[in-house]
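Reviewing the structure listed below.
In my numbering, the protein residues as written are 1 to 313.
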């Protein structure tokens, strides 16, 4: 019988702060599915195999963006198409994908809403998204909702380097960086070093050879309500890609418009709705997928797909 399979990451920051969450979710779930811990890649693979074998039609993730990214990366090899419906339980620190899609509340509250609907025989509200597939040397094909380079990576490295990374500390760092950019301060200079690279969307080179950041996404927001990727669902089978070419001060002044999801304008940025984005820095390139950090020694290729149905209760 179809049910809900929950992959729970005990190492996610929120789960470390609230170690009783997994038990509470299991009690709520009852006989409507199963919950399995997955703290390692091996445990994740076994959990997905068991959930698939149990006939689950909903795959819930008790963790944040990074946990969901690792689940989505592992799924294609373990779960033939179509993929199960995905449910974000918001068990991480940032939960950017869940927030961008409108999922609110604690893990227990999110699961309880879904269970009430299922038990009442009601349909579950959902949206379809073309996920991002990221191919880079030395890595398996990575799958997620958001991709970034440049300032996106520098910001995450600075935030992760703090003693206790949290949503509040990330917001404070962003505010400090914005004021530093306007004033021409050292923090902004450290976080916004322009990177030389070639970028091509669907085979057409972007008219720039250096970027403060390059972003691509299957969702509008990148955190704190900022929505630079508002064209992500404009065309089926595509994603929104943005290359920031202006100065750090110009970007800082544009942040209110970015938060509102207003269109990008040159010379601040170039953007495309594309099926493929290829980046070549002529050497090492650091990048992030859903908050996890990676390094490539050569070309990085971002493509649309696979498609996933995301529950938004």
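For each residue, glycine too, the CB sits at the ideal point set by N, CA and C.
When C-alpha distances from residue 221 are compared across 212, 211 and 239, the shortest belongs to 239. In the three-state scheme derived from DSSP, where H, G and I count as helix and E and B as strand, residue 273 is classed as strand. The three-state reading of DSSP puts residue 62 in strand, counting E and B together. Using a 10 angstroms sphere on the CB of residue 40, the tally of other CB atoms stays under 16, which defines it as exposed. In this structure, DSSP gives residue 215 an extended state, which the three-state scheme calls strand.
In the DSSP assignment, residue 85 is bridged to 58.
If you compare the alpha carbons of 98, 43, 130 and 97 with that of residue 82, the shortest gap goes to 130. Across the set 309, 148 and 93, the C-alpha of 148 shows the shortest separation from the C-alpha of residue 243.
Sorting 297, 287 and 15 by C-alpha distance to the C-alpha of residue 156 places 287 at the top. Each of 272, 139 and 254 was checked against the Cα of residue 234, and the nearest Cα belongs to 272. DSSP lists no beta-bridge partner residue for residue 93. Under a 10 Å Cβ-count criterion, residue 172 is classified as exposed, with fewer than 16 other Cβ atoms of the shown protein chains found around its own Cβ. With respect to residue 219, residue 100 sits close: the two C-beta atoms are nearer than 8 Å.
Boundaries for residue 124: no beta strand (DSSP E) harbours it, and the DSSP string shows neither H nor E there. Taking a C-beta distance under 8 Å as the contact criterion, residue 292 and residue 66 qualify as a contact pair. Shown here for residue 189: not one same chain residue has a beta carbon closer than 6 Å to its own, the five before and five after excluded. Secondary structure within the stretch 148-188: the alpha helix (DSSP H) runs of 4 or more consecutive residues, fully enclosed, are 151-160 and 167-183 (chain order). Around residue 207, the same chain offers 270 as residues with beta carbons nearer than 7 Å, after the five sequence neighbours per side are excluded.
Within its own chain, the residues whose Cβ lies closer than 7 Å to the Cβ of residue 275, once the five positions on either side in sequence are excluded, are 202, 237, 238, 303 and 304, listed in chain order. The Cβ atoms of residue 146 and residue 217 sit closer than 8 Å to each other. The C-beta distance from residue 103 to residue 88 rounds to 5 Å, short enough to meet the 8 Å contact threshold. For residue 259, the enclosing alpha helix (DSSP H) starts and ends at 248-259.
In this model, residue 307 and residue 69 are separated by some 14 Å (Cα to Cα). Secondary-structure assignment with DSSP links residue 278 through a beta bridge to 200 and 301.
If you look at residue 21, you'll find it isn't in any beta strand (DSSP E); it sits in the alpha helix (DSSP H) that goes 21-29. Here residue 103 carries a coil assignment [DSSP, helix/strand/coil]. For residue 313, the closest of 262, 110 and 261 by C-alpha to C-alpha distance is 110. The beta-bridge partner set that DSSP reports for residue 144 consists of 132. If the five residues before and after residue 253 are omitted, its C-beta is found closer than 8 Å to the C-beta atoms of 182, all from its own chain and listed in chain order.
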